[in-house]
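These notes are about the structure you will find just below.
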């Protein structure tokens, strides 16, 4: 009987060890030079019937080079923008694939940014080392500071389930607006890593410092470190709701 039980006991230990390896990950970007990916950014905003906004932007990213220290020198460009907005009954729309977008200042500004390259540098964990800046045009960089091949910087440590870390950032347009986000590793398997986020946003130093809650969920590819899918929603007190989705561009969506 002992000779029969022992092999099964050993096999159980081996299976257990294999599963344990899946639950620990050293996640970081693993991309070759000249790698390219386009990412779709979608936004739906509704503020108590006073304003609605539907926006879809497609941004292409390319790895120009990879330094010995693991830093990625990147080039990005806005491939497409589609905006539909209504404020107190006044409507505005622009689709950069169509002509006639130059009829308004905003439409002209958006059209002028399409296919204009910007450069930036990140480390292997997606943290910005050099902020984005346009290469060949004189335009305000805050328009592109929101873009990165990763939606957030990864922690520079081994990941395990239930691990949490915090990031605090400011709005590139209004530096008084602060966003404090707590990220949590929800699940790790052999192919992907699931991350949840809880963000609190508000005016730094105000009487009601944090007035908006942002809840997000992301799936990252364990092999490359890239985003598979991401979504976050924002609810502001007495104003409205916002939903944002991020995903790699699918074939046929141009």
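Residue numbers (the numbering used here): 574 to 827. Even glycine gets a Cβ: it sits at the ideal position worked out from N, Cα and C. Keep in mind the model is a prediction, meaning the values are calculated, not measured.
Straight-line Cα distance separating residue j from residue i
| i | j | result |
| --- | --- | --- |
| residue 765 | residue 610 | 18 Å |
| residue 588 | residue 596 | Only weak support exists for where residue 588 lies, its pLDDT of 48 falling under 50; the value from the coordinates is given anyway. Their backbone Cα atoms lie some 13 Å apart in a straight line. |
| residue 789 | residue 628 | 18 Å |
| residue 770 | residue 816 | 14 Å |
| residue 702 | residue 662 | 42 Å |
| residue 640 | residue 813 | 44 Å |
| residue 654 | residue 630 | 4 Å |
| residue 681 | residue 776 | 31 Å |
| residue 612 | residue 632 | 5 Å |
| residue 724 | residue 668 | 24 Å |
| residue 820 | residue 615 | 9 Å |
| residue 623 | residue 712 | 30 Å |
| residue 807 | residue 787 | 4 Å |
| residue 608 | residue 637 | 8 Å |
| residue 618 | residue 731 | 36 Å |
Residue i - containing beta strand (DSSP E), residue span
| i | result |
| --- | --- |
| residue 734 | No beta strand (DSSP E) contains residue 734, which DSSP labels as neither H nor E. |
| residue 725 | From DSSP, residue 725 is part of no beta strand (DSSP E); its letter is neither H nor E. |
| residue 694 | 690-695 |
Residues near residue i by beta carbon distance below 6 Å, same chain, minus five either side
| i | result |
| --- | --- |
| residue 686 | 651 |
| residue 753 | 741, 773 |
| residue 828 | Past the boundaries of the shown model lies residue 828; the chain is included only from 574 to 827, so the question cannot be answered. |
| residue 818 | 615, 804 |
| residue 833 | Summary: the structure shown does not reach residue 833, with the chain confined to residues 574 through 827, and so no result is reported for it. |
| residue 665 | 658 |
| residue 602 | 697, 798 |
| residue 604 | 636 |
| residue 720 | 632, 649 |
Inter-residue CB distance, residue i and residue j (contact presumed, cutoff 8 Å)
| i | j | result |
| --- | --- | --- |
| residue 842 | residue 647 | Beyond the ends of the chain as shown, which are 574 and 827, falls residue 842; an answer cannot be given. |
| residue 600 | residue 727 | 6 Å |
| residue 707 | residue 649 | That belief does not hold up - the Cβ atoms of residue 707 and residue 649 are roughly 10 Å apart, past 8 Å. |
Neighbourhood of residue i by C-beta, 7 Å cutoff - its chain only, sequence neighbours within 5 removed
| i | result |
| --- | --- |
| residue 801 | 765, 792, 793, 794 |
Other residues of its chain near residue i: CB distance less than 8 Å, five sequence neighbours each side excluded
| i | result |
| --- | --- |
| residue 644 | 694, 695, 696, 697, 702 |
Practice item. Could you pull out every unbroken beta strand (DSSP E) segment of at least 3 residues lying fully inside the stretch 630-671, listed in chain order? Key: Correct list: 645-660, 663-668.
Exercise for review: Note down, one range per segment and in chain order, each beta strand (DSSP E) of at least 3 residues found wholly within the stretch 741-817.
Suggested key: Along the stretch 741-817, the beta strand (DSSP E) occurs as fully enclosed runs of 3 or more residues at 750-761, 765-776, 785-794, 800-809, listed in sequence order.
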